[in-house]
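Down below is the structure, laid out as structure tokens.
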Amino acid sequence: MTPASRDDGSAGSAGSAGSAGPVSGRDWARAVELISAADEIALACHVSPDGDALGSMLAVGLALRAAGKRVTASFGDRRFSVPRLLRFLPGQELLADPAHYPAAPEVMVTFDVPTVGRLGVLTGNTVKANELVVLDHHPSNTGFGTLNLVDPDAAATAVLAEELIHRLGLPIDKDIATCLYVGLVTDTGSFRHSSTTPEAHAMAARLLDTGLDPEKISRELWDRSPFGYLKVLGVVLGRVRLEPEVGGGLVWTFVTRADRAAYGLPYDEVEGMIDVIRRTDEADVATILKEDDDGVWQVSMRSKGGVDVSRVSVALGGGGHAKAAGFTSHQPVEETIASLRALL
Ligand code: AMP
Ligand code: MN
Ligand code: MN
Numbered sequence: 009m010t011p012a013s014r015d016d017g018s019a020g021s022a023g024s025a026g027s028a029g030p031v032s033g034r035d036w037a038r039a040v041e042l043i044s045a046a047d048e049i050a051l052a053c054h055v056s057p058d059g060d061a062l063g064s065m066l067a068v069g070l071a072l073r074a075a076g077k078r079v080t081a082s083f084g085d086r087r088f089s090v091p092r093l094l095r096f097l098p099g100q101e102l103l104a105d106p107a108h109y110p111a112a113p114e115v116m117v118t119f120d121v122p123t124v125g126r127l128g129v130l131t132g133n134t135v136k137a138n139e140l141v142v143l144d145h146h147p148s149n150t151g152f153g154t155l156n157l158v159d160p161d162a163a164a165t166a167v168l169a170e171e172l173i174h175r176l177g178l179p180i181d182k183d184i185a186t187c188l189y190v191g192l193v194t195d196t197g198s199f200r201h202s203s204t205t206p207e208a209h210a211m212a213a214r215l216l217d218t219g220l221d222p223e224k225i226s227r228e229l230w231d232r233s234p235f236g237y238l239k240v241l242g243v244v245l246g247r248v249r250l251e252p253e254v255g256g257g258l259v260w261t262f263v264t265r266a267d268r269a270a271y272g273l274p275y276d277e278v279e280g281m282i283d284v285i286r287r288t289d290e291a292d293v294a295t296i297l298k299e300d301d302d303g304v305w306q307v308s309m310r311s312k313g314g315v316d317v318s319r320v321s322v323a324l325g326g327g328g329h330a331k332a333a334g335f336t337s338h339q340p341v342e343e344t345i346a347s348l349r350a351l352l
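The following block contains the structure:
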């Protein structure tokens with residue numbers, strides 16, 4: 009099924025690098041040409057992958073493998089490990105440790121990656137890639153590919169991944185649809201965010217048509233965690249701070265590696281905590297600082313719309329969207345919060 013808005017020749021971007029608006033028919037045709045001609049395709053998504061990054065990548069990987077291509081898929085975390093809550097995704101067998109990733113891929117495709125540095129240890133592999141196709145929806149995308157399929161209006165990279173598979177003329181089975189659906193539901197916040205458009209629901213309907221199990225997917229993504237999660241959440245909520253005078257109100261907290269170690273909680277389990285913090289009525293901006301196992305802080309920011317948190321995150325070396333953004337910090341908590349306050 010091809011909605012009219014997807015027709016080739018739709019009003020498109022000329023150069024495509026980070027430009028606003030839909031991807032041009034010419035750029036889609038070029039992507040199809042490059043990928044169809046290659047025997048081996050190397051896929052990569054951003055470090056600490058979320059549902060959209062991993063889901064989009066595995067969806068395209070499964071479609072390409074079914075079409076007879078040799079596919080390697082990875083992400084550049086120093087300690088390569090699929091986040092526990094995404095291990096139910098089909099296509100895990102396509103994943104390889106970055107150590108086994110092609111050094112000079114014929115065609116490399118990136119998913120949900122706004123800046124080349126978000127490829128982590130795979131950043132260098134882009135340099136020797138003959139063609140680098142960038143599939144993304146971040147407005148902050150720098151256009152680091154040889155071909156940039158970037159649509160900031162897309163609710164998720166999964167929207168672009170579905171279109172790519174469609175334009176390659178490949179079928180979307182239940183497993184591929186599951187991967188795409190995970191990308192769509194995670195990035196729309198279960199159809200709660202402003203990205204919840206008629207197109208997003210139409211895509212969900214197409215995917216549900218394949219017979220995927222939405223109940224199982226939402227349970228895996230949002231309705232389960234080890235007992236330690238509750239204990240760490242208790243600690244994290246116990247130290248939450250509200251600063252009504254900063255921006256339109258700032259609510260923030262942090263989770264250290266020691267907090268997690270006390271309850272044996274892996275880093276990737278704390279991802280959802282921001283969704284508890286951001287419900288605070290008195291604050292427009294919510295922030296959580298999460299210390300990884302190497303002592304590096306990943307900072308997650310959410311806004312209700314009064315403040316563009318991607319502006320703040322970009323200023324601090326990160327990226328993201330107006331209402332959901334993040335950055336990495338090597339400073340102690342108080343110093344990071346001070347920098348953030350100054351920008352709000
Ligand atoms: P998160 O808070 O990790 O869910 O991320 C929210 C948004 O910010 C996503 O679109 C991420 O791609 C982006 N983002 C988060 N952390 C970083 C970072 N360190 N550098 C660039 N973008 C980031
Ligand atoms: Mn992402
Ligand atoms: Mn995304």
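Numbering (the working numbering), first residue to last: 9 to 352. From the three backbone atoms N, C-alpha and C, an ideal C-beta is built for every residue, glycine too.
| Asked | Found |
| --- | --- |
| Option in GLY177, VAL117, LEU103 and ALA164 with minimal Cα separation from GLY151 | VAL117 |
| VAL315 classed as buried or exposed, judged by whether at least 16 other C-beta atoms fall within 10 angstroms | buried |
| Sub-8 Å separation of LEU355 and SER56 beta-carbons | Residue 355 lies beyond the stretch modelled for the chain, which goes from 9 to 352, so this question has no answer here. |
| Extent of the continuous beta strand (DSSP E) to which ASN156 belongs | 155-158 |
| When ALA162, VAL121 and LEU127 are compared against VAL142, the one with the closest alpha-carbon | VAL121 |
| Neighbour-count burial assignment, PHE335, 16 or more Cβ in a 10 Å radius | buried |
| Spatially closest choice to ASP302 from ALA266, ARG232, ARG73 and SER233, by CA coordinates | ALA266 |
| Status (buried if at least 16 other CB within 10 Å, exposed otherwise) for GLN5 | Residue 5 cannot be examined here, being either before or after the span of the chain that is shown, 9 to 352. |
| Same chain, Cβ closer than 7 Å to GLY327, five either side skipped, listed in chain order | PRO122, THR123, HIS146, SER148, SER318, SER321 and ALA333 |
| ALA350: first and last residue of the uninterrupted beta strand (DSSP E) it sits in | ALA350 -> not in any beta strand (DSSP E); alpha helix (DSSP H) instead, spanning 341-351. |
| Check: PHE335 C-beta below 7 Å from any heavy atom of ligand 1 | yes |
| Buried or exposed (CB count within 10 angstroms, at least 16 for buried), ASP16 | Reliability of the predicted coordinates at ASP16 is poor, the pLDDT of 32 falling under 50, and the value obtained from them is presented with this limitation in mind. It counts as exposed. |
| Cβ pair count under 8 Å reaching 3, the region 231-250 against the region 49-68 | no |
| Run of the beta strand (DSSP E) containing GLU143, from where it starts to where it stops | A quick correction: the sequence has Leu, not Glu, at residue 143. Segment 139-144, the beta strand (DSSP E) holding LEU143. |
| beta-carbon GLY242 near ligand 1 non-hydrogen atom, thresh 7 Å | no |
| Assumed close pair ALA163, TYR189 - CB separation to whole angstroms, cut-off 8 Å | No, ALA163 and TYR189 are not in contact; Cβ-Cβ is about 12 Å, not under 8 Å. |
| Sequence-distant residues of its chain with Cβ nearer than 8 Å to LEU157 (five each side left out) | SER24, VAL31, ASP35, TRP36, ALA39, VAL141, VAL142, LEU143, ASP144, LEU168 and LEU172 |
| Reference MET281, options ALA269, THR261, TYR271 and GLY272, closest by Cα | THR261 |
| Spatial distance of LEU103 from THR80 (CA atoms) | 6 Å |
| Simplified DSSP assignment, three categories, for VAL190 | helix |
| Of the listed residues SER311, SER198 and GLU207, nearest to ALA294 (C-alpha basis) | SER311 |
| Whole-number beta carbon distance between LYS136 and ALA111, since they are thought to touch under 8 Å | 6 Å |
| ALA61 beta carbon near ligand 2 (any heavy atom closer than 7 Å) | yes |
| Boundaries of the beta strand (DSSP E) in which ARG310 is found, first to last residue | 305-311 |
| Inter-stretch contact at 8 Å, needing at least 3 Cβ pairs: the region 189-199 / the region 83-92 | no |
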